[in-house]
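Participant: Below is the structure I would like to discuss, written out as structure tokens.
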Amino acid sequence: MHPDRPVNLPLPRLAAAMPVTAVASILHRITGIVLFAGTLFLCYLLDLALTGEAGFAQAAAIIDAPPGALAAWAILTSLAYHVVAGVKHLLLDFHIGDSLQAGRIGSWLTLVLAAVAAVGLAIWLW
Amino acid sequence: MAHPCPRRGGGGGTGDLALVTNVASFGRSGLADFVLQRVSAVVVGLYALCLLGFFVTAAPVDHAALADFFESLPMRVFTTLAVVSLAAHAWIGMWTIGTDYIRRHYFGAGHTVYLAIYLIVCIGLISVYVLWPLSVVWTVP
């Protein structure tokens, strides 16, 4: 096959290459990276909040301001997703729900539960 | 992380890459990492649930309540367990991601150097994530 052959964008095949199980899997990784970076912010907040009344007020102000609130929401939503996907993974380790159909349902369930958590966290934080 | 079975020992690499990835894996074996990743996940997950429970039940939280909570001996011990578990969990996860993507195919001939730099940055951050919370919770007056 010629390497410079013309190709159409294989959109149906792209969709097939990224089924819901793949989306759930890559999000597990992405949320892990978000958590790894976000832990620095959490360490800073913990240190600040435990350093006297003034420090606590400062930490509270950071979370109340839009950038801090958004960061906190992103970190906690990532945590919610990562935990739900992690529990699913532990179940799969015990061969619970590891058929193709159950895997798809589990992935959708993970996405839906995390979306519910994301909305709940947004209401809690604002 | 995404694999439902213990991962391959050398990250699929050969030669010097296999050496770097084997040397840098946490327990020097895929099975040890597999078990550690899950045990540490459970510990950190329970710790997160514990914090969530505190913030929900003790709301509105003020400085005194937060300090009382974190300086109690059970929470000091739990925090210590959690940060050590987080260190193992984060290292295994970041190692897996790094060795999956920082390969010759994407990064060219210098990929081993990039992987080493990436892993060193991860070690630096993980050290901070262990030492910072420990120094905070064990010295709350």
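Chains R and G are the protein sequences, given in the same order.
When we follow this note's numbering, the leftmost residue of the first sequence carries the number 1, and every step to the right adds one.
When we follow this note's numbering, the leftmost residue of the second sequence carries the number 127, and every step to the right adds one.
Every residue, glycine too, gets a C-beta built ideally from N, C-alpha and C.
1) When the Cα of I246 (chain G) is compared with those of G:W217, G:F204, G:S261, G:V209, which residue comes out closest?
2) From the beta carbon of A49 (chain R), is the nearest beta carbon of chain G less than 7 Å away?
3) Under a Cβ-count criterion, where at least 16 other Cβ atoms within 10 Å of its own Cβ denotes burial, should P66 (chain R) be classed as buried or exposed?
4) Take L150 (chain R) and list the residues in its own chain whose beta-carbon comes closer than 8 Å to its own, dropping the five residues that flank it on each side.
5) Where does W124 (chain R) fall in DSSP's three states?
6) Under 8 Å Cβ to Cβ from A60 (chain R), same chain only, skipping five residues before and after it: list those, please.
7) Where D64 (chain R) and V165 (chain G) are concerned, what is the direct C-alpha to C-alpha distance, given to the nearest angstrom?
8) Which residues mark the beginning and the end of the alpha helix (DSSP H) in which P19 (chain R) is found?
9) Out of R:Q58, R:G68, R:A24, state which residue places its alpha-carbon closest to the alpha-carbon of A115 (chain R).
10) Report the three-state DSSP secondary structure of F195 (chain G) (helix, strand or coil).
11) Compute the Euclidean distance between the alpha carbons of V112 (chain R) and A174 (chain G), then round it to the nearest angstrom.
12) Count Cβ pairs between the stretch 176-189 of chain G and the stretch 226-244 of chain G that sit closer than 8 Å; are there 3 or more?
13) Looking only at its chain, what residues have a beta carbon closer than 7 Å to the beta carbon of I82 (chain R), apart from the 5 residues adjacent to it on each side?
14) What does the alpha-carbon distance come out to for the pair I252 (chain G) and A213 (chain G)?
15) So within the stretch 177-261 of chain G, which uninterrupted alpha helix (DSSP H) runs reach at least 4 residues, ignoring any that extend past its ends?
16) For Y255 (chain G), count neighbouring C-beta atoms within 10 Å of its own C-beta (all shown protein chains included) and say buried if the count is 16 or more, exposed if not.
17) Taking the alpha-carbon positions, what's the M201 (chain G) to F195 (chain G) distance?
18) Name the residue from G:H189, G:L199, G:V210 whose alpha carbon lies nearest to the alpha carbon of W264 (chain G).
19) Would you mind telling me which residues of chain R sit closer than 9 Å to W258 (chain G), beta carbon to beta carbon, in chain order?
Facilitator: Let me spell this out:
1) Start at 1 with the first residue of the second sequence, and residue 246 (chain G) comes out as number 120. Ranking G:W217, G:F204, G:S261, G:V209 by Cα distance to I246 (chain G) puts G:W217 first.
2) Taking the first sequence and counting its residues from 1, one reaches residue 49 (chain R) at position 49. Taking Cβ atoms only, chain G reaches closer than 7 Å to A49 (chain R), which makes this a yes.
3) Along the first sequence, read from residue 1 onward, the residue named residue 66 (chain R) stands at position 66. With fewer than 16 other Cβ atoms within 10 Å, it is exposed.
4) In the structure displayed, chain R extends from 1 to 126; residue 150 (chain R) sits before or after that span and is not available.
5) On the first sequence, residue 124 (chain R) is found 124 positions in, with the first residue counted as 1. Taken through DSSP and simplified to helix, strand or coil, W124 (chain R) comes out as helix.
6) Working through the first sequence from its first residue, we reach residue 60 (chain R) at position 60. Excluding five sequence positions before and after A60 (chain R), the CB atoms of its chain that fall closer than 8 Å to its own CB belong to A49, given in chain order.
7) Your numbering for residue 64 (chain R) matches position 64 in the first sequence. Your numbering for residue 165 (chain G) matches position 39 in the second sequence. One Cα belongs to D64 (chain R), the other to V165 (chain G), and the distance between them is close to 35 Å.
8) The count along the first sequence starts at 1 and reaches residue 19 (chain R) at position 19. Here P19 (chain R) belongs to no alpha helix (DSSP H), and DSSP marks it neither H nor E.
9) In the first sequence, counting from the first residue as 1, residue 115 (chain R) sits at position 115. Closest by C-alpha distance to A115 (chain R), out of R:Q58, R:G68, R:A24, is R:A24.
10) Numbered from its first residue, the second sequence carries residue 195 (chain G) at position 69. DSSP places F195 (chain G) in helix when its eight states are reduced to three.
11) Counting from one through the first sequence, the residue named residue 112 (chain R) turns up at place 112. Counting from one through the second sequence, the residue named residue 174 (chain G) turns up at place 48. Taking the straight line joining both Cα atoms gives about 20 Å.
12) Segments in contact, no.
13) By one-based count along the first sequence, residue 82 (chain R) stands at place 82. First, the amino acid is wrong: residue 82 (chain R) is His here, not Ile. Here the set comprises H28, T31, G32, L35.
14) Locating residue 252 (chain G) in the second sequence gives position 126, where the first residue counts as 1. Locating residue 213 (chain G) in the second sequence gives position 87, where the first residue counts as 1. In this structure, the straight-line span from the alpha carbon of I252 (chain G) to that of A213 (chain G) is close to 6 Å.
15) The stretch 177-261 of chain G is shown to contain whole alpha helix (DSSP H) runs of 4 or more residues at 189-197, 199-227, 230-233, in chain order.
16) Start at 1 with the first residue of the second sequence, and residue 255 (chain G) comes out as number 129. The C-beta of Y255 (chain G) has 16 or more other C-beta atoms within 10 Å across all chains shown, which makes the residue buried.
17) As a working note, residue 201 (chain G) is residue 75 in the second sequence. As a working note, residue 195 (chain G) is residue 69 in the second sequence. Rounded to the nearest angstrom, the two C-alpha atoms are 7 Å apart.
18) Here residue 264 (chain G) refers to the residue found at position 138 of the second sequence. Between W264 (chain G) and the set G:H189, G:L199, G:V210, the nearest pair of CA atoms involves G:L199.
19) Your numbering for residue 258 (chain G) matches position 132 in the second sequence. When 9 Å is used as the limit between beta carbons, W258 (chain G) is near these residues of chain R: L40, C43, Y44, L46, D47, in chain order.
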